[in-house]
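Residue numbers (mature numbering (1 follows the signal peptide of the UniProt record, and there is no 0)): -17 to -1, 1 to 236. We put the CB at the ideal spot given by N, CA and C, even for glycine. Predicted model only: the values in this text are computed from it and were never measured. Right, one structure below, let's go through it.
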Amino acid sequence: MACVVLSLLTILPVVMGDTTGYLGDSVTLSSGANISWGLSKIEWSIFKNVTWIATYQKSTESLRTDRFWQFKSRLKLNFSSGDLEIRDVRKEDSLVYSVLLQDSAGEQHNKKFQLTVTERLSKPNVHKVFSMLRESHCVMALQCSSSEKDTHLSWEPVAAFNDPFWRGNPNTNVSVVWTSYSPNRDANFTCTASNGRSKASRVVTERCQEEQPKPDVVGETRIPGIAFGMLLLGFLFGCVLTYIYFKKSEGFK
Ligand SMILES: *[C@@H]1O[C@H](CO)[C@@H](O)[C@H](O)[C@H]1NC(C)=O
Ligand SMILES: *[C@@H]1O[C@H](CO)[C@@H](O)[C@H](O)[C@H]1NC(C)=O
Ligand SMILES: *[C@@H]1O[C@H](CO)[C@@H](O)[C@H](O)[C@H]1NC(C)=O
Ligand SMILES: *[C@@H]1O[C@H](CO)[C@@H](O)[C@H](O)[C@H]1NC(C)=O
Ligand SMILES: *[C@@H]1O[C@H](CO)[C@@H](O)[C@H](O)[C@H]1NC(C)=O
């Protein structure tokens, strides 16, 4: 009995997790419970005075997510994992969340989260400054820009790009990349906008086609053309001859 009481009193050290949520999106606070624990109690709370927002009690089979007005119809509690999903995240949801879990052995686990709600950064804009073929090399410049303030932009080639490229000054709201690459293949670059809290990327694919030396295709089409012309001419000539022949024989009648 003493053993049970002791284990009930055991509360593991509090771990603080940082989670970022984006305005209007859903965010899931992961309780960190192991499915094998078989949770008998879950209590998600906010504030110093431990205001419950979502709770689960296995013994009474009660699952409640309507405990606090601020989260009305926006919470989903998974009673097997203990994870709490907050839908349609708002600015005022930026709070410290606590979860108290009790496993089937009566052991309690505690975890805290700092949820930071931020606006999702929109994708940067990419604009082709120029692209041309010079001495069997594609020369190109791409410009990336963001209309959002305090945004840092950076260019990266997409995996295994072995051709040279030069990047303009990063950490500005406009960034340019120049490259000289071999033609007839894709050059893929990613521009990433970042504001320290959120990131958004745009991938661009460019390709320049080397002028193919004019193959013999023209000759091939011309030969049957000539043959056809000659055939037509021969046919007409035959017709004319036949006509003349019959005309003549008619005249002899
Ligand atoms: C859950 O617990 C089992 C048994 O205690 C362990 O083998 C497993 O690795 C744990 N899983 C996770 C994700 O921690
Ligand atoms: C806990 O504190 C919050 C604000 O700090 C308050 O709105 C709420 O009513 C308090 N709850 C209780 C049960 O005292
Ligand atoms: C609850 O979480 C577990 C483990 O992450 C998952 O397998 C299960 O589908 C979830 N249940 C619901 C209703 O989302
Ligand atoms: C970049 O920032 C400068 C000033 O810092 C501003 O004048 C300019 O309009 C910005 N460019 C874009 C594309 O937002
Ligand atoms: C470049 O992007 C295009 C289109 O997204 C893709 O089909 C191609 O496989 C990419 N090439 C490389 C080398 O990443």
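Practice problem: Would you kindly check if the distance between the Cβ of L125 and the Cβ of K111 is under 8 Å? | Solution: yes
Quiz item: Helix, strand or coil: how does DSSP classify P207 here?
Solution: No answer about P207 holds up, because its pLDDT of 45 lies below 50 and its placement is not dependable.
Quiz item: Got a list of residues with beta-carbon closer than 5 Å to any non-hydrogen atom of ligand 1, in chain order?
Solution: N17 and S19
Practice problem: With a threshold of 16 other CB atoms inside 10 Å of the CB of T134, please say whether the residue is buried or exposed. | Solution: buried
Quiz item: Between T38 and W27, what straight-line distance do the alpha-carbon atoms span, to the nearest angstrom?
Solution: 6 Å
Practice problem: Report all residues for which the CB-ligand distance to some heavy atom of ligand 5 is below 7 Å; order them along the chain. | Solution: V141, A142, A143, D169, N171, V186 and T188
Self-check item: Euclidean distance between Cα positions of T48 and I36
Solution: 6 Å
Exercise. Report the rounded CA-to-CA distance for E131 versus F148, giving the unit in angstroms.
Key: 26 Å
Quiz item: What residues in its chain sit with their C-beta under 6 Å from that of Q85, if we drop five residues either side in the sequence?
Solution: S23, K24 and Q91
Quiz item: What residues match up with D169 in a beta bridge as DSSP calls it?
Solution: R190
Exercise. Within the same chain, show all residues whose beta-carbon is closer than 8 Å to that of I29, passing over the 5 residues directly before and after it, in chain order.
Key: I36, F51, L78, V79, Y80 and S81
Self-check item: DSSP three-state assignment for F54, whether helix, strand or coil
Solution: helix
Exercise. Say yes only if the C-beta of N178 is nearer than 7 Å to one or more non-hydrogen atoms of ligand 2, and no if none qualify.
Key: no
Exercise. Could you spell out where the beta strand (DSSP E) holding T43 opens and where it closes?
Key: Careful: T43 lies outside any beta strand (DSSP E) and carries neither H nor E.
Self-check item: Any non-hydrogen atom of ligand 3 within 7 Å of S64 CB
Solution: yes
Quiz item: Within the chosen definition, does the region 180 to 193 reach the region 161 to 168 through at least 3 CB pairs nearer than 8 Å?
Solution: yes
Quiz item: Can G4 and D71 be called in contact, C-beta distance under 8 Å?
Solution: no
Practice problem: Would you kindly check if the distance between the Cβ of C127 and the Cβ of V141 is under 8 Å? | Solution: no
Quiz prompt | Which of helix, strand or coil DSSP assigns to S177 | solution = strand
Exercise. Could you name the residues of the same chain whose beta carbon sits closer than 8 Å to that of E73, not counting the 5 residues immediately before and after it, in chain order?
Key: Checking the sequence shown, residue 73 turns out to be Arg, not Glu. Result list for R73: L6 and V100, in chain order.
Quiz prompt | Limits of the unbroken beta strand (DSSP E) element including I69 | solution = L67 to I69
Quiz item: Which partner residues of N93 appear in the DSSP bridge assignment?
Solution: L83
Quiz item: Whose C-alpha, out of S184, R168 and S129, is nearest the C-alpha of F144?
Solution: R168
Self-check item: Reduced DSSP category for K132 - H, G, I as helix; E, B as strand; rest coil
Solution: coil
Exercise. Determine which residues share a DSSP beta bridge with V33 and list them.
Key: According to DSSP, V33 bridges with nothing at all.
Exercise. With distances taken Cα to Cα, identify the nearest neighbour of K95 among N156, K182 and S13.
Key: S13
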